[in-house]
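A short worksheet on the structure shown next.
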Amino acid sequence: MTSLFTIGYEGIGVEDFIETLKQHGITLVIDVREKPLSRKKGFSKNSLSSILNINNIKYIHMGTLGSPSSIRDELHETNNYPLFFRKYLSHLIGQSGTIKALISKANSQKGTCLLCFEKDPLKCHRNVITDYLQAMYPDEVKVEHL
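Quick note on this note's numbering: the sequence shown kicks off at 11 and runs consecutively.
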């Protein structure tokens, strides 16, 4: 069985973020933001990749698993999470190649963690990703939200 973790960096600094990853044995972070940019220091792609590397944690960006800006913009206007998640799931279903790559990475790299911004996984598309993976691979994927 593959264990897959998820984390959002909302409300924490990079030092606490790294410490949480280490405490849970994370060895690979897969960034599922469409655009790996952040106004929060240390969480843009290059900075994050560097600090993870210093801490012996690999970094991969899988931007096609990010929520498209058109869907995010609509969420900001409507605050309609059920609609957002339905639209994101439709997008996700079209990403079968990336989903297979994600499962392959998680199977080969113990301690894999999906990264996005939102602290609460129930308000983040990474929860849709993990629900989808568990539906597609019911006896193969165990998920823990950090």
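The beta carbon of each residue, even a glycine, is placed where N, CA and C say it ideally should be. The structure displayed is predicted, hence computed values, not measured ones.
Supposed close pair residue i, residue j - CB separation, criterion 8 Å
i, j, result
"residue 22", "residue 125", "Not confirmed; about 12 Å, so no contact."
"residue 151", "residue 12", "5 Å"
"residue 45", "residue 73", "7 Å"
"residue 123", "residue 36", "5 Å"
"residue 79", "residue 69", "No, residue 79 and residue 69 are not in contact; Cβ-Cβ is about 22 Å, not under 8 Å."
Assigned exposure category for residue i - 16 Cβ within 10 Å defines buried
i, result
"residue 25", "exposed"
"residue 41", "buried"
"residue 97", "buried"
"residue 75", "buried"
Residue i (DSSP reduced to helix, strand or coil)
i, result
"residue 40", "strand"
"residue 135", "helix"
"residue 68", "strand"
"residue 127", "coil"
"residue 13", "strand"
"residue 144", "helix"
"residue 89", "coil"
"residue 105", "coil"
Alpha-carbon spacing of residue i relative to residue j, whole angstroms
i, j, result
"residue 95", "residue 112", "20 Å"
"residue 148", "residue 55", "32 Å"
"residue 121", "residue 136", "16 Å"
"residue 1", "residue 140", "In this structure the chain extends from 11 to 156, so residue 1 is not present and cannot be described."
"residue 43", "residue 77", "7 Å"
"residue 119", "residue 99", "25 Å"
"residue 84", "residue 106", "24 Å"
"residue 168", "residue 67", "The requested residue 168 is not part of the displayed model; the chain covers only 11 to 156."
"residue 29", "residue 143", "27 Å"
"residue 15", "residue 62", "16 Å"
"residue 81", "residue 33", "34 Å"
"residue 131", "residue 156", "9 Å"
"residue 91", "residue 19", "20 Å"
"residue 71", "residue 103", "19 Å"
"residue 86", "residue 108", "26 Å"
"residue 39", "residue 93", "28 Å"
Beta bridge counterpart(s) of residue i as assigned by DSSP
i, result
"residue 154", "15"
"residue 122", "14 and 38"
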